[in-house]
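Below: one structure, written as structure tokens.
Chains as they are written, first to last, in our numbering: chain A, -7 to 465; chain B, 3 to 355; chain C, 362 to 484.
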């Protein structure tokens, strides 16, 4: 057998084993997630959250929402955040040096005046220009921090400095939270005595085409564009069949930056957000986990499958590409920064399971897939392509993708049923059918570009998300 | 015709068996996946159909029984014939599972919002319609979440004779059942129901403590229990819970015990105790707080300084000054704030950190 | 002239029950399922007394109070309902202009007595 054959064999077996592991891991995670979701569902089916609302001992929560050039919707967004049904909470808006009239609009609408609040700076941030509170008692929950531009992470750190609450809900300011979001998200922190819960993640739902009035979700509708529907399918798979399992295994490496709740003390002690990365939401989780392990403290990161947070998803390829590009760079940056965790037994599951899995199946997977496709192309060119092999691989992967998507749609159907109009499920199934040859290739492309941008164009910032206005029907 | 298919099948089979084993396996997997997809699809459409059907049915039935129920409640003595008709209708309906669930939910929900005559009336109706049996059956279920539903229904409807059953669950392995039993004890026996705290060996989560406190807040006209027994408990969670009750019921007279708790073996209890002392503004605690400061961990130190900020007078200035160069920036900053509030014209000291 | 009562409550069954009872006592009733509906009905019908739950989906009773006192500038008596000691909300309600409050669970008999008493005090 000559070296050529050997190389060929090596590639075949490599891809085979890689795919076999990824498929089985998806199945295992899917099964664990399902059990976990069902258990959560049952456990909370008779919970009354009223006790936490009424209690003088209800934990204090600060919502931290950085704002940059959100003038179009900022007033509505803030009003929505202030009408949640929790009692012991405050809303902290951090104006990160917006160039538009965000701050002016807030000052005018909420009767804000500059105040002097003594605070204890626990994390360094860009300079604060002023702090504002409302003169109107109805808005006494609101605190607005005006500071020089420093990015989302820096803005969040400023918010952390000014908060005195036990827990922090870090959100994107244009995220619409359901009225009971806070009490549901804070519950996991209060339910364990053997471990300290340091963070909770929530499910992000796509608000495109949903009817939202006065900051409340009135009706859930299936979005019109395929690209939006694709993201729904993606999120369902990722949240309902992925993250619930990781949470159970205590191996979760990321909580969405759109909505997450954290123990404020632990967050400060771990150092706050890292302003040098675009993936600050993933990086802080990894660092908080590392911090707990370094200090030999038992901990857990929980996940809530309830639909509590609704956000606007990119509705065109340009913005989607920009978002996925950023996600890729964030993953790379975080994994690089914490390379010491890799296969390090000192870090238990974090180092021996989560980190390697993320490294191979999240960060390297797009690259491996591209190499696989190129390899197929190469074989075709040198006329060494075994059609039976190629066809079999492609078909098994395609069918698996559809089967997994069906599982996700089914999972949603058996739990929250947010899309309950006639034909909604069919629309999602259609996307599942065309995804492998359309959107999946696009995401692959965006990930590769992310790698390029990371390695060859260091000066990339957060990218822009053009505000369309959430909730327009 | 049959021969054609036969040939096709033989061709197919021989081709298949010629393939390398790996590919054979892959194609079996493909067939399995395909079957799963079709099954999922059928299952999905069935669920959706059934759900829409049930939803509509539920809505119609709910409106129907809602009206019947309300009419039944407000019919006067003269209209006794109509009353009997409605009663019979409900009585028959209860035999049907679907209808029974609708009626049960209606009565339970309504009962939860009402008190007084009407509440008692609904409890009697619940009993007369025989719904108690169904709730008791749920309570005897082996499945934990059904058991809990049963306990709730039975407790809400003030069904008698479930004391033994509930008591047995106080020490159950399943945390959720234990918690439910604890809540039920308080619902039924008010403060006396808290007796389980005397011998509890399990921890109590913060969430459960909040639930217990909600129930306790519903207690009216009952004498407060003596909290000192629980403040001295071996179970640190019982102590923590008792501290909450001390705060809730303004039991300032326990202050000596509170001060002792500042040196409890559990960090959580120490911090909670300091919090309560701060809340009650107990000056006498300052000495002990300053004493234990140096032996405490950073987190507790912050609690201590925060409490001292609340209680401080000129005597504390020296202590605060000693903290200005603390390694922990929060402590030093709090100390600075403390000094500034006591000596308004104190020039801003440059911190060496 | 029948006196008009407006009741804002999201639980349909309770709503229906109270409507029945109030009509039996001789009141003209308007039932709203949420804050928005309440505002619309209040503006259109100018009730003599308003009863509203503090926490409803899509809106809060506080918004209703604010609307009546500040936008419509009426001094219609307002009674708020709350479940198990939502003290802070109740205090806010009073600050905004509510006149009385009843906690849930409540007795419809007591409710009727309260309504009658408040309306009588106005005369």
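For every residue, glycine included, the Cβ atom is placed at its ideal position computed from N, Cα and C.
Under 8 Å between C-beta atoms, does residue i make it to chain A?
| i | result |
| --- | --- |
| residue 199 of chain B | no |
| residue 449 of chain C | yes |
| residue 444 of chain C | yes |
| residue 463 of chain C | no |
| residue 336 of chain B | yes |
| residue 362 of chain C | no |
| residue 251 of chain B | no |
| residue 46 of chain B | yes |
| residue 352 of chain B | Interpretation of residue 352 of chain B is limited by its pLDDT of 47, a score under 50 that renders its predicted location unreliable; no figure is taken from the coordinates. |
So is residue i buried or exposed if we call it buried at 16+ other beta carbons inside 10 Å?
| i | result |
| --- | --- |
| residue 287 of chain B | buried |
| residue 244 of chain B | buried |
| residue 7 of chain B | exposed |
| residue 331 of chain A | exposed |
| residue 375 of chain C | buried |
| residue 449 of chain C | exposed |
| residue 27 of chain B | exposed |
| residue 232 of chain B | buried |
| residue 283 of chain B | exposed |
| residue 386 of chain A | exposed |
| residue 180 of chain A | buried |
| residue 434 of chain C | exposed |
| residue 14 of chain B | exposed |
Do we get a CB-CB distance below 8 Å when we pair residue i with the residues of chain B?
| i | result |
| --- | --- |
| residue 395 of chain A | yes |
| residue 110 of chain A | yes |
| residue 372 of chain C | yes |
| residue 182 of chain A | yes |
| residue 114 of chain A | yes |
| residue 438 of chain C | no |
| residue 401 of chain A | yes |
| residue 291 of chain A | no |
| residue 380 of chain A | yes |
| residue 470 of chain C | yes |
Please confirm whether residue i has its beta-carbon closer than 8 Å to some beta-carbon of chain C.
| i | result |
| --- | --- |
| residue 72 of chain B | yes |
| residue 212 of chain A | no |
| residue 68 of chain B | yes |
| residue 305 of chain B | no |
| residue 462 of chain A | Here residue 462 of chain A scores only 38 on pLDDT, less than 50, and its place in the model is too uncertain to base an answer on. |
| residue 355 of chain B | Residue confidence for residue 355 of chain B is low, a pLDDT of 38 falling below 50, so the modelled location carries little weight; the figure read from the coordinates is stated next. No - not a single Cβ of chain C is within 8 Å of the one on residue 355 of chain B. |
| residue 76 of chain B | yes |
| residue 484 of chain A | With chain A covering only -7 through 465, there is no way to say anything about residue 484 of chain A. |
(request) Give the residues from the region 392 to 409 of chain C that approach chain A closer than 7 Å (Cβ to any Cβ), ordered along the chain. (result) Taking 7 Å as the Cβ-Cβ cut-off against chain A, none of the residues of the region 392 to 409 of chain C qualify.
(message) Suppose only complete runs of 3+ residues qualify. What are the beta strand (DSSP E) ranges in the region 274 to 330 of chain A, listed by chain order?
(response) Residue ranges of uninterrupted beta strand (DSSP E) with 3 or more members, entirely inside the region 274 to 330 of chain A and ordered along the chain, are 291 to 303.
(request) Would you be able to state if there are at least three C-beta pairs under 8 Å between the region 298 to 311 of chain A and the region 161 to 181 of chain A? (result) Touching, yes, given that three or more Cβ pairs across the two stretches are closer than 8 Å.
(request) Examine the Cβ distances between the region 65 to 80 of chain A and the region 227 to 246 of chain A and report whether three or more of them are shorter than 8 Å. (result) Too few Cβ pairs lie closer than 8 Å, so no.
(message) Which residues of the region 92 to 123 of chain B have a Cβ closer than 9 Å to any Cβ of chain C? Give them in chain order.
(response) Answer set for the region 92 to 123 of chain B: 108, 111, 112, 113, 114, 115, 116, 117, 118, 119, 120, 121.
(request) Could you please tell me which residues of the region 228 to 248 of chain B, in chain order, have their CB closer than 8 Å to any CB of chain A? (result) Listed by position along the chain: 239, 246.
(request) Can you check the region 182 to 239 of chain B for any alpha helix (DSSP H) of at least 4 residues that lies completely inside it and give the ranges in chain order? (result) Whole alpha helix (DSSP H) segments, 4+ residues: 198 to 201, 208 to 219, 230 to 233.
(request) Please list the residues of the region 28 to 44 of chain B that have a C-beta atom closer than 8 Å to any C-beta atom in chain A, keeping them in chain order. (result) Within the region 28 to 44 of chain B, those residues whose Cβ lies closer than 8 Å to any Cβ of chain A are, in chain order, 28, 29, 31, 32, 35, 36, 38, 39, 42, 43.
(message) Along the region 123 to 155 of chain A, where does the CB come closer than 8 Å to a CB of chain C? Name the residues.
(response) Result list: 129, 130.
(request) Scan the region 23 to 71 of chain A and note each continuous beta strand (DSSP E) run of 3 residues or more that stays entirely inside, going in chain order. (result) Within the region 23 to 71 of chain A, the complete beta strand (DSSP E) runs of at least 3 residues are 53 to 59.
(request) Ignoring anything shorter than 4 residues or poking outside the region 238 to 289 of chain B, list the alpha helix (DSSP H) runs there in chain order. (result) Fully enclosed alpha helix (DSSP H) runs of 4 or longer: 238 to 250, 257 to 263, 269 to 282.
(request) Give the residues from the region 204 to 215 of chain B that approach chain A closer than 7 Å (Cβ to any Cβ), ordered along the chain. (result) Answer in chain order: 205, 207, 208, 209, 212, 213, 215.
(request) Residues of the region 143 to 177 of chain B with a CB closer than 8 Å to any CB of chain A: list them in chain order, please. (result) For chain A, the residues of the region 143 to 177 of chain B that bring a beta carbon within less than 8 Å of one of its beta carbons are 147, 150, 151, 154, in chain order.
(request) At 3 residues or longer, and completely inside the region 396 to 454 of chain C: list those beta strand (DSSP E) runs for me, N to C. (result) Here the runs fully enclosed are 410 to 414, 439 to 444.
(message) Three or more C-beta pairs under 8 Å: does that hold for the region 211 to 218 of chain A against the region 122 to 137 of chain A?
(response) No contact exists between the region 211 to 218 of chain A and the region 122 to 137 of chain A.
(request) Any chance you could list the alpha helix (DSSP H) runs of at least 4 consecutive residues sitting entirely within the region 112 to 188 of chain A, in chain order? (result) Fully enclosed alpha helix (DSSP H) runs of 4 or longer: 144 to 154, 173 to 182.
(request) Note down, in chain order, all residues in the region 15 to 44 of chain A with a beta-carbon under 8 Å from any beta-carbon belonging to chain B. (result) For the region 15 to 44 of chain A, the set of residues with a beta-carbon nearer than 8 Å to any beta-carbon of chain B comprises 34, 35, 37, 38, 42, 43, 44, in chain order.
(request) Anything in the region 376 to 390 of chain C with a Cβ closer than 8 Å to a Cβ of chain B? List those residues in chain order, please. (result) Shown in chain order are the members of the region 376 to 390 of chain C whose Cβ falls below 8 Å from a Cβ of chain B: 377, 378, 381, 382, 385.
(request) Decide yes or no for the touch test of the region 277 to 290 of chain A against the region 248 to 261 of chain A: beta carbon pairs closer than 8 Å, at least 3 of them. (result) Using a Cβ-Cβ distance cut-off of 8 Å, the region 277 to 290 of chain A and the region 248 to 261 of chain A are in contact, since at least three pairs of beta carbons, one from each stretch, lie closer than that value.
(request) Give the residues from the region 312 to 337 of chain B that approach chain A closer than 8 Å (Cβ to any Cβ), ordered along the chain. (result) Within the region 312 to 337 of chain B, the residues whose Cβ lies closer than 8 Å to some Cβ of chain A are 331, 332, 335, 336, listed in chain order.
(message) Between the region 337 to 347 of chain B and the region 36 to 47 of chain B, can you find at least three pairs of beta-carbon atoms closer than 8 Å?
(response) Flag = no, the region 36 to 47 of chain B and the region 337 to 347 of chain B do not touch.
(request) State whether the region 182 to 196 of chain A contacts the region 90 to 97 of chain A, with contact taken as three or more CB pairs (one from each stretch) at a distance under 8 Å. (result) Judged by Cβ distances under 8 Å, the region 182 to 196 of chain A makes no contact with the region 90 to 97 of chain A, as fewer than three pairs qualify.
(request) Give, in chain order, every unbroken run of the beta strand (DSSP E) that is at least 3 residues long and sits entirely within the region 219 to 262 of chain A. (result) Taken in chain order, the whole beta strand (DSSP E) runs of length 3 or more contained in the region 219 to 262 of chain A are 251 to 255.
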